[in-house]
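Numbering (my numbering), first residue to last: 671 to 943.
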């Protein structure tokens with residue numbers, strides 16, 4: 671009977687511990703103390719708790735994979751080079767249309783637009799890494815050191831703002847021809863995943879021509895899974911409502927990147943990334 675009470679107390683205490691930490695950032699210490707002869711029960715309870723946590727994580731991963739399998743067609747809208755003044759307008763449209771997306775942010779701009787970064791995360795979109803500088807001369811200067819350093823720096827910066835690590839990157843201007851074996855080995859070694867794209871809308875060069883962006887998507891978005899490259903630009907804002915409506919009319923569900931269901935989308939077809 672005593673062991674059972676200790677176990678119940680431990681589980682309740684752990685529940686209170688997690689509740690306290692999730693509801694208040696001012697909690698500094700919660701201490702649980704037990705009589706030594708109850709240590710075996712405590713160890714057993716901790717193992718059971720750890721096992722239950724692992725089970726729930728597996729179920730979450732499986733549920734995410736099942737959701738994607740059950741969805742016939744998925745389109746991932748991805749936005750590069752934010753955050754900037756157009757990012758807020760993009761978020762407003764996504765919110766109105768109840769669509770999700772993935773944002774590859776530039777670290778130097780993250781530092782100036784922290785409020786927008788927080789909003790992206792709070793509204794359920796995924797945030798990926800797009801380097802600190804977006805400078806090809808710095809990033810592709812012969813060795814992968816600068817690229818890795820910038821991605822790690824931005825990763826830490828975003829973690830300080832949104833509270834979790836993001837390992838998905840999109841390198842500026844795409845991975846080909848810049849990322850030779852040496853670069854990709856380094857990215858894999860540091861546990862990064864990488865996305866290029868399947869549809870390039872060229873929205874960055876089609877200024878004041880939203881209809882061209884829409885026509886490009888109509889022509890090229892045909893596969894079951896599409897990763898569509900867009901940018902935080904005024905023309906993109908103008909085209910976005912029609913892009914969303916068109917993709918949905920073709921049976922696509924618009925989702926954000928799911929780290930528990932990574933799909934390979936890189937020009938090198940590198941399975942590690």
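Cβ atoms here follow ideal geometry from the backbone N, Cα and C, with glycine treated the same way.
* Counting pairs of Cβ atoms below 8 angstroms between the stretch 828-837 and the stretch 892-900, do you hit three or more? -> Too few Cβ pairs lie closer than 8 angstroms, so no.
* Using a Cβ-Cβ distance under 9 angstroms, would residue 843 count as near chain D? -> No chain D appears in the structure shown, which is made up of a single protein chain.
* Asked: Is residue 614 helix, strand or coil when you go by DSSP?
  -> In the structure displayed, the chain extends from 671 to 943; residue 614 sits before or after that span and is not available.
* Hey, out of 924, 854, 828 and 780, whose CA is closest to residue 765's CA? -> Residue 924 is the option with its Cα nearest to residue 765.
* **At least 3 beta-carbon pairs within less than 8 angstroms: the stretch 882-894 vs the stretch 849-862** => Short answer: they don't touch.
* **Beta-carbon proximity list for residue 842, same chain, < 7 angstroms, skipping 5 on both sides** => Within the same chain, residue 842 has close Cβ partners 800, 801, 804, 806 and 809.
* **residue 893 in three-state terms, based on DSSP** => Note: residue 893 maps to coil in three-state DSSP.
* Rounded C-beta distance between residue 786 and residue 758? I'm assuming under 8 angstroms. -> The distance from the Cβ of residue 786 to that of residue 758 is about 6 angstroms, consistent with a contact at the 8 angstroms cut-off.
* Taking the alpha carbon of residue 846 as the point to measure from, which residue in 943, 938 and 748 has its own alpha carbon closest? -> For the set 943, 938 and 748, the Cα lying nearest the Cα of residue 846 is the one of 938.
* **Residue from 817, 908, 873 and 889 whose Cα sits closest to the Cα of residue 864** => Per the Cα distances, 817.
* When burial is assigned at 16 or more other CB atoms within 10 Å of the CB, is residue 894 buried or exposed? -> Label assigned to residue 894: exposed.
* **residue 832 - containing alpha helix (DSSP H), residue span** => Residue 832 -> alpha helix (DSSP H) spans 815-832.
* What does DSSP give as the partner residues of residue 864 in its beta bridges? -> Listed as beta-bridge partners of residue 864 by DSSP are 839.
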